[in-house]
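Asker: I have a structure here, written as structure tokens, and I will follow up with some questions on it.
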Amino acid sequence: MTRVIYRFRFLPLVMVAVLAAVSPMAAQAATAPGLGTASNFAVLSAAPNGGGAVTCTDGTITGNVGSSGARASVVQTNCPISGAIIAPVSAQVIADFNSAYAAYAAIPCDQVLTGTLAGVTLTPGVYCFDAAATLTGTLTLKGPANGTWIFKIGTSGTGALTGTSFTVVMAGGGVPCNVNWWVAQAATMTDSNFIGTILAGAAITLTRGTFQGDALAKAAVTITGTAVTGCPGGKGHEGQEKQHCNQG
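Position 243, counted from 1, in the sequence shown is what my numbering calls 953; the numbers after and before it change by one each time, with no gaps.
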């Protein structure tokens, strides 16, 4: 009888130990939804009804640029683009972007964040802001090469992402193209060195600094004095082959 009592007494402790061991693994196991044909673009303005617009001034874009608008909706002023300019993009590109955007919106949160994230180090997982996020300082993302970070801004339904003098750095072998930011509304980066792909529900505005990832928006994308480097070919998102478009 005594053995039975001790066995049940220590059972809760065993369960706690198991959960503690599993939780970090679950966070690292977070997966990002595939972008489909939208992953072909470093910059994409997927505004509805042909209303896309991309404007780049005194910057650089490494990768393809797409717009749902006509060719004239992509405006370059002292802004070399290494890839193709495709405007208007196909209906499939718009559909794939909208599908991915909805899929990100449905991902449950591992942790709710507040504050500027200055001086914070985060391991792989799904991190959420209920409303707007105003970020500054340095955020460190520490994890293995197969780790995935997903940030969701405005999970309550509204919320913009704003970064000013905000820097994201990788540590421990983490890969920039495994970082993803879903934003309910607009995303604005100023004097920032940003890492990650943004899927914005409104416009994306990048002013000075660097941007390593894809800028994908449901409205206009405006780039001023920013070096944008899109995710490389191959398996840029969720193991999907990323095809480069050379036409246009």
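Think of the CB as a built atom: it goes at the ideal place given N, C-alpha and C, for glycine as much as any other residue.
Determine which residues share a DSSP beta bridge with Gly864 and list them.
Answerer: Reading the sequence shown from its first residue, position 154 is the one you call residue 864. Paired residues: none, contrary to the question.
Asker: Can you tell me the Cβ-Cβ gap for Leu827 and Leu845, rounded? I've got them flagged as a contact below 8 angstroms.
Answerer: Counted from its first residue, the sequence shown places residue 827 at position 117. Counted from its first residue, the sequence shown places residue 845 at position 135. Confirmed, about 5 angstroms.
Asker: Looking only at its chain, what residues have a beta carbon closer than 6 angstroms to the beta carbon of Thr900, apart from the 5 residues adjacent to it on each side?
Answerer: Against the sequence shown, residue 900 aligns to sequence position 190. Same-chain partners within the cutoff: Thr874 and Thr917.
Asker: Which residues does DSSP list as the beta-bridge partners of Thr852?
Answerer: The residue given as residue 852 occupies position 142 in the sequence shown. It is Lys, not Thr, that sits at residue 852 in the sequence shown. Beta-bridge pairing links Lys852 to Ala881.
Asker: Which same chain residues end up closer than 7 angstroms to Gln802 when comparing Cβ atoms and leaving out the 5 residues on each side of it in sequence?
Answerer: As a first step, residue 802 is located in the sequence shown; it is residue number 92 there, counting from the start. If we look at Gln802 and ignore the five residues flanking it on each side, its Cβ neighbours are Thr747.
Asker: Mind checking which residues open and close the beta strand (DSSP E) that includes Val799?
Answerer: Residue 799 sits at position 89 when you count from the first residue of the sequence shown. Element bounds for Val799: n/a, residue is neither H nor E.
Asker: Considering only their Cβ atoms, is the gap separating Leu745 from Phe812 smaller than 8 angstroms?
Answerer: Here residue 812 refers to the residue found at position 102 of the sequence shown. Here residue 745 refers to the residue found at position 35 of the sequence shown. First, the amino acid is wrong: residue 812 is Ala here, not Phe. Against a cut-off of 8 angstroms, the Cβ pair of Leu745 and Ala812 comes out as no contact.
Asker: Give a yes or no on whether the C-beta atoms belonging to Gly935 and Gly769 are separated by under 8 angstroms.
Answerer: Locating residue 935 in the sequence shown gives position 225, where the first residue counts as 1. Locating residue 769 in the sequence shown gives position 59, where the first residue counts as 1. In this structure, Gly769 lies closer than 8 angstroms to Gly935 by Cβ.
Asker: Which residue's Cα is closest to the Cα of Thr765: Ile933, Pro942 and Val938?
Answerer: Translated into the one-based positions of the sequence shown, residue 765 becomes position 55. Per the Cα distances, Ile933.
Asker: What distance in whole Å lies between the Cβ atoms of Thr868 and Cys838, which are believed to be in contact at a cut-off of 8 angstroms?
Answerer: As a first step, residue 838 is located in the sequence shown; it is residue number 128 there, counting from the start. As a first step, residue 868 is located in the sequence shown; it is residue number 158 there, counting from the start. Not confirmed; about 14 angstroms, so no contact.
Asker: Name the residue from Thr915, Val753 and Ala797 whose alpha carbon lies nearest to the alpha carbon of Ala870.
Answerer: For the purposes of this step, residue 870 is taken as residue 160 along the sequence shown, with counting starting at 1. For Ala870, the nearest C-alpha among the options comes from Thr915.
Asker: With C-beta atoms as the reference, is Gly853 less than 8 angstroms away from Pro886?
Answerer: Residue 853 sits at position 143 when you count from the first residue of the sequence shown. Residue 886 sits at position 176 when you count from the first residue of the sequence shown. Cβ atoms of Gly853 and Pro886: not closer than 8 angstroms.
Asker: Could you give the distance in angstroms between the alpha-carbon of Gly779 and the alpha-carbon of Ala913?
Answerer: Looking up residue 779 in the sequence shown gives position 69. Looking up residue 913 in the sequence shown gives position 203. Answer to the nearest angstrom: the Cα atoms are 14 angstroms apart.
Asker: Answer yes or no: do Ala881 and Leu851 have a C-beta to C-beta separation smaller than 8 angstroms?
Answerer: To locate residue 881, count along the sequence shown from 1; it is residue 171. To locate residue 851, count along the sequence shown from 1; it is residue 141. The answer is yes: Cβ separation under 8 angstroms.
Asker: Which residue or residues does DSSP assign as beta-bridge partners of Thr844?
Answerer: Position 134 of the sequence shown, counting from 1, holds the residue named residue 844. According to DSSP, Thr844 bridges with Thr872.
Asker: Given Gly884, which residues of its chain have a CB within under 6 angstroms of its CB, disregarding the five upstream and five downstream residues?
Answerer: Here residue 884 corresponds to residue number 174 of the sequence shown, with the count starting at 1. Contacts found: Leu851, Gly853 and Gly857.
Asker: For Glu951, count neighbouring Cβ atoms within 10 angstroms of its own Cβ and tell me buried if that reaches 16, exposed if not.
Answerer: Position 241 of the sequence shown, counted from the first residue, corresponds to residue 951. Per-residue confidence for Glu951 stands at a pLDDT of 35, beneath the threshold of 50, marking its modelled position as unreliable; no derived number is given.
Asker: Output needed for Ala842: all residues of its chain with C-beta closer than 6 angstroms, excluding positions within five of it in sequence on either side, in chain order.
Answerer: Within the sequence shown, residue 842 is the residue found at index 132, counting from 1. Same-chain partners within the cutoff: Gly869 and Ala870.
Asker: Apply the 10 Å Cβ neighbour rule to Ala855 and answer buried if 16 or more other Cβ atoms are within range, or exposed otherwise.
Answerer: Start at 1 with the first residue of the sequence shown, and residue 855 comes out as number 145. Ala855 comes out exposed.
Asker: Below 8 angstroms on the Cβ atoms is my guess for Ile908 versus Val893; work out the distance and round it to an integer in Å.
Answerer: Walking along the sequence shown from the start, residue 908 turns up at place 198. Walking along the sequence shown from the start, residue 893 turns up at place 183. Correct: roughly 6 angstroms between the Cβ atoms.
Asker: Based on DSSP bridge pairs, tell me the residues matched to Ala897.
Answerer: Sequence index remark: in the sequence shown, residue 897 carries index 187 (1-based). BP columns for Ala897 point to Leu871 and Ile914.
Asker: Using only alpha-carbon positions, find the residue among Gly761, Lys862 and Val938 that is nearest to Val799.
Answerer: In the sequence shown, counting from the first residue as 1, residue 799 sits at position 89. Comparing Cα-Cα distances from Val799 to each of Gly761, Lys862 and Val938, the minimum goes to Gly761.
Asker: Grab me the residues of Val822's own chain with a C-beta within less than 7 angstroms of its C-beta, minus the 5 sequence neighbours each way, in chain order.
Answerer: Within the sequence shown, residue 822 is the residue found at index 112, counting from 1. Counting only Cβ-Cβ distances below 7 angstroms, and skipping sequence neighbours, we find Cys838 and Asp840.
Asker: At which residues does the beta strand (DSSP E) containing Cys941 begin and terminate?
Answerer: Counting from one through the sequence shown, the residue named residue 941 turns up at place 231. Note, Cys941: premise wrong, no beta strand (DSSP E); not H, not E.
Asker: So for Ile908, helix, strand or coil by DSSP?
Answerer: Mapped onto the sequence shown, residue 908 falls at position 198. Strand at Ile908.
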